[in-house]
Amino acid sequence: MAERINRDRIQHAKGSQPVVFESQTVDALAAMVIALLGEVAVLRDRLDANERLLEQAGLHGPDKVDAFQPDAAAKAHRAQVRNASYNRVLGAGRDKLVPDLLTEQQQYDETLSAVAD
Amino acid sequence: MLRNAPDHYGHAVMPQANHDEQALEDHFLALREWTARNLDPLDRRLLDEVVVPEVAEALGRAPGKSSEVRRALEAEPFHQYWLTLTLAYQDRMWHAIDESIDRQYDTLAEEVNKHVAAPLGSLRLAPDFVAPRYITAIDNHRMPGSYMVDTAEDDFRAGALYDRFSSTYLRNFNGGWKNDGRGHTVASHVLDFYPDLKPKRILDLGCSIGQSTVALAAAFPEAEIYGVDVGAPMLRYGHARAEALGAAIHFSQQNAECTDFSDGSFDLVCSAAVLHETSTKAMRAIFKESHRLLRPGGVMVHVDVPARHEHLGLWDQMRLDWESHYNNEPFMTVLARTDWMEVAKAAGFAEEKTAVGYRRGVRELDPKREDFFTKGHPEGRTMLGSWYACSSVKD
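Chains A and B are the protein sequences, given in the same order.
All letters in the first sequence, in the order written, are residues 9 to 125 by our numbering.
All letters in the second sequence, in the order written, are residues 727 to 1121 by our numbering.
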């Protein structure tokens, strides 16, 4: 096994480090969203590979997946999974933006100041 | 685990991609193509229809150059989105390929060693080599570590990374996995303009991993071929790559501005897409060095990126500026404004023997005069698929 060196040096390209949106935080968020798109694209390609390999092995292929009709139990299961996923992804945005929470946070900050006084 | 060839994709020392690595690479290309197809036209309209009128009103005249609209355009959220996607591709693609190289590093090291065991060509490294500042100060085109950083003893990572990135980046524009279109373009230009040259010794300045150099070797099978570059890991990989492709090339680690070859020792001195990664002073020095290295009657050919400032509309100027502002290619916009004829004359070449203009890129040898032209695009677009070229004969 080759011993690798200078790993820190190749973590980032030296040179221009622009902040494109209002702040580095917004840029970081955008970078994560774009990176997630890549993860989903790879995952989809991998599912596609799986279906095609299964078809080659005499099992179901992409066409059968396309034509698949989930029964009531499968639909219920999917609804549950989907809802949990929305809670995780969209809930993260809701929790940041919901005005009540902002009010609560303001009250909390006020309490903090009062305690400090 | 291999892409599509029975033994390997491309040549024997090229990094291979497993399923997910290839899917991620495909995603990056699709992301770039999506941006070009869906956002570029709108970003053009944003500039022409929204930003230009605003700036014109403030200036009391129409803006004539991209620097006059930069601030206003970069304040537009849509353009910020365009910038974000453009940067995401250019920045993250390197990391994706780097991870893939990490996975197969030891296998690739074996392939590199195997192919240089009984070489047709040679490799001469300079352990005390000091690279010019335009190379060490930044990582060109956001390539982490750029050309010089060794990540192991006898490292080849930078070369492997560059090989995968460059062939994916340019795809069919420049010869697919060989990425050798510029080499064929230089050779076609030589055979078109100087059919009687019959070069015996050829030097490729800033040869990188020898993608163009291998094409030159194929075009001039009787010639001895030399390539110089600054990066040791690039040259170690390029040497193995050339051997894997059966090309006898003599690589050495040198600065193209001041090589250790004798005066008049070459018949053809060339470079391909090197100048834009140098500087004003270095470009002049490279032309002078070309002149010194040529025998009387010898030929110089330099080709580089096709952007010419005087031929570009505002959006294409901005796209070119992006390279300098954000893609760590600081000299690119200056090169697009540089009078190459003047540089050639200052280096000792006669004006009447010097040709400057666009050369249409070819993927195999095709020396025809209609591929050389001097007019820019009628709508002020960058002449993608062509290269800007300067050639001359030493008196």
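Every residue, glycine too, gets a C-beta built ideally from N, C-alpha and C.
Residue 871 of chain B has a beta carbon lying within less than 7 Å of a beta carbon in chain A. The beta carbon of residue 805 of chain B does not come within 7 Å of any beta carbon belonging to chain A, so the residue lies off that interface.
DSSP places residue 927 of chain B inside the beta strand (DSSP E), whose first and last residues are 927-931. In the DSSP assignment, the residues bridged to residue 953 of chain B are B/930, B/977. Taking a beta-carbon distance threshold of 7 Å, residue 50 of chain A counts as an interface residue toward chain B. Our two residues, residue 750 of chain B and residue 734 of chain B, have alpha carbons roughly 19 Å apart in a direct line. Close CB contacts of residue 780 of chain B within its chain, under the 8 Å cut and outside five residues either way in sequence, are with 798 (chain order). Taking the CA atoms as reference points, residue 983 of chain B sits about 27 Å from residue 918 of chain B. Of all residues in the stretch 738-761 of chain B, the ones placed with a Cβ closer than 8 Å to any Cβ belonging to chain A are 745, 746, 749, 750, 752, 753, 754, 756, 757, in chain order. In the displayed model, residue 994 of chain B falls within a strand according to three-state DSSP.
Taking the C-beta atoms as reference points, residue 957 of chain B is found no nearer than 7 Å to residue 1009 of chain B.
Look at the stretch 1051-1102 of chain B and you find these whole runs of beta strand (DSSP E), each 3 residues long or longer: 1081-1086.
Excluding its 5 nearest sequence neighbours in each direction, residue 1049 of chain B has C-beta neighbours in its own chain below 6 Å: 1055, 1058, listed in chain order. Taking a contact as a CB-CB distance under 8 Å, the pair residue 941 of chain B and residue 928 of chain B does not count as one, their CB atoms being some 11 Å apart. By the neighbour-count definition (other C-beta atoms within 10 Å, threshold 16), residue 1120 of chain B is a buried residue. Per the C-alpha coordinates, the member of B/745, B/770, B/856 positioned closest to residue 1105 of chain B is B/770. Interface residue (Cβ-Cβ distance to chain B less than 7 Å): residue 60 of chain A is not classified as such. Burial is judged here by how many other beta carbons sit within 10 angstroms of a residue's own beta carbon; residue 883 of chain B has at least 16 and is buried.
Residue pairing by DSSP puts residue 1114 of chain B in a beta bridge opposite B/1030, B/1084. For the stretch 730-780 of chain B, the continuous alpha helix (DSSP H) assignments of 4+ residues that do not extend past its boundaries occur at 745-760, 766-771, in sequence order. Partner residues in the beta bridge of residue 848 of chain B, as assigned by DSSP, are B/976. DSSP, read as helix, strand or coil, puts residue 66 of chain A in coil. Contact annotation: residue 1061 of chain B and residue 1002 of chain B have beta-carbon atoms nearer than 7 Å.
Secondary structure within the stretch 848-873 of chain B: the beta strand (DSSP E) runs of 3 or more consecutive residues, fully enclosed, are 848-850 (chain order). Take the alpha-carbon of residue 1020 of chain B and the one of residue 926 of chain B: they are about 12 Å apart. Checking the DSSP bridge columns, you'll see residue 1119 of chain B partnered with B/1025.
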